[in-house]
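Residue numbers for the first sequence follow the working numbering, so the first one is 1 and each next one is one higher.
Note that CB positions come from ideal geometry on N, CA and C, so glycine has one too.
Since the structure is predicted, the reported quantities are computational estimates derived from the model, not experimental observations.
Working notes for the structure below.
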Amino acid sequence: MKNPEGPSSFYERVKQIIKQIPYGKVATYGQIAFYAGSSRAARQVAWVLHSSSERDNLPWHRVINGKGKISLKPSLGYELQRSLLEAEGIVFDEAAQVDLNRYGFRMHKPV
DNA sequence: AACCTGACTTCGG
DNA sequence: TCCGAAGCCAGGT
Numbered sequence: 001m002k003n004p005e006g007p008s009s010f011y012e013r014v015k016q017i018i019k020q021i022p023y024g025k026v027a028t029y030g031q032i033a034f035y036a037g038s039s040r041a042a043r044q045v046a047w048v049l050h051s052s053s054e055r056d057n058l059p060w061h062r063v064i065n066g067k068g069k070i071s072l073k074p075s076l077g078y079e080l081q082r083s084l085l086e087a088e089g090i091v092f093d094e095a096a097q098v099d100l101n102r103y104g105f106r107m108h109k110p111v
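Okay, here's the thing in structure tokens:
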């Protein structure tokens with residue numbers, strides 16, 4: 001990981017946005033990318049999380065894919081993320097999906 | 001410098 | 001409605 005250039009970099013904006021996801025809510029990769037200024041950089045959002053979620057204490061578990069499902073694979077973090085979300089009151093249906101209409105995060109102020 | 005890879009998204013069959 | 005292929009941006013090799 002390189003040094004983040006500054007607060008205006010995509011990298012920094014993504015982190016700021018993720019930090020703003022409130023307890024009990026979730027956001028999708030594409031949505032975060034959109035708020036960060038690059039609606040097509042969903043994969044980079046995932047990359048930011050993977051590279052510095054631990055270091056910067058980001059609520060990485062509140063980020064899921066556009067289908068409302070967890071992207072991690074079983075035994076590679078899936079169980080952990082799901083339990084963290086359930087601990088916040090988020091419910092998964094039989095298809096292991098969450099209701100984005102209900103739990104989806106909506107930003108109030110642009111970053 | 002070129003090619004591969006990824007915690008994604010979207011479109012077409 | 002479900003599945004596969006293509007598109008995208010960046011870092012790693």
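Assigned secondary structure, Val-63 (DSSP; H/G/I helix, E/B strand, else coil): Translated into positions along the first sequence, residue 63 becomes position 63. Residue state, collapsed to three classes: strand.
Using 8 Å for Cβ pairs, my map puts Pro-59 next to Ile-18. What's the rounded Cβ distance? In the first sequence, counting from the first residue as 1, residue 59 sits at position 59. In the first sequence, counting from the first residue as 1, residue 18 sits at position 18. Indeed, because the Cβ distance is near 6 Å, the residues count as touching under 8 Å.
Enclosing alpha helix (DSSP H) for Asn-101 [first to last residue]: Taking the first sequence and counting its residues from 1, one reaches residue 101 at position 101. Looking at the DSSP string, the run of the alpha helix (DSSP H) that includes Asn-101 is 100-103.
What does DSSP give as the partner residues of Lys-69 in its beta bridges? As a first step, residue 69 must be located in the first sequence, where it is residue number 69. Partner(s): Gln-97.
Spatial distance of Ala-27 from Leu-84 (CA atoms): Along the first sequence, read from residue 1 onward, the residue named residue 27 stands at position 27. Along the first sequence, read from residue 1 onward, the residue named residue 84 stands at position 84. The alpha-carbon separation between Ala-27 and Leu-84 amounts to approximately 14 Å.
8 Å contact criterion, which Arg-107 and Gln-20 should meet: CB distance rounded: Taking the first residue of the first sequence as position 1, residue 107 is located at position 107. Taking the first residue of the first sequence as position 1, residue 20 is located at position 20. Residue 107 is actually Met in this sequence, not Arg. Correct: roughly 7 Å between the Cβ atoms.
Reference Ala-46, options Asn-57, Lys-15, Gly-37, Lys-25, closest by Cα: Here residue 46 refers to the residue found at position 46 when the first sequence is read from its first residue. Nearest C-alpha to Ala-46: Lys-15.
So if DSSP puts Val-26 in a beta bridge, which residue, or which two residues, is it bridged to? As a first step, residue 26 is located in the first sequence; it is residue number 26 there, counting from the start. Answer is Gly-104.
Own chain, CB closer than 8 Å to Gly-24, minus 5 neighbours either side, in chain order: Position 24 of the first sequence, counted from the start, is the residue given in the question as residue 24. Sequence-distant partners of Gly-24 (beyond 5 residues in either direction) whose C-beta falls short of 8 Å from its own C-beta, in its chain, are Glu-88, Gly-89, Ile-90, Tyr-103.
For Ser-39, which of helix, strand or coil comes out of DSSP? Position 39 of the first sequence holds residue 39. In the three-state scheme derived from DSSP, where H, G and I count as helix and E and B as strand, Ser-39 is classed as coil.
Please list the terminal residues of the continuous alpha helix (DSSP H) segment that includes Val-91. Start at 1 with the first residue of the first sequence, and residue 91 comes out as number 91. Counting along the chain, Val-91 falls outside any alpha helix (DSSP H), and DSSP gives it neither H nor E.
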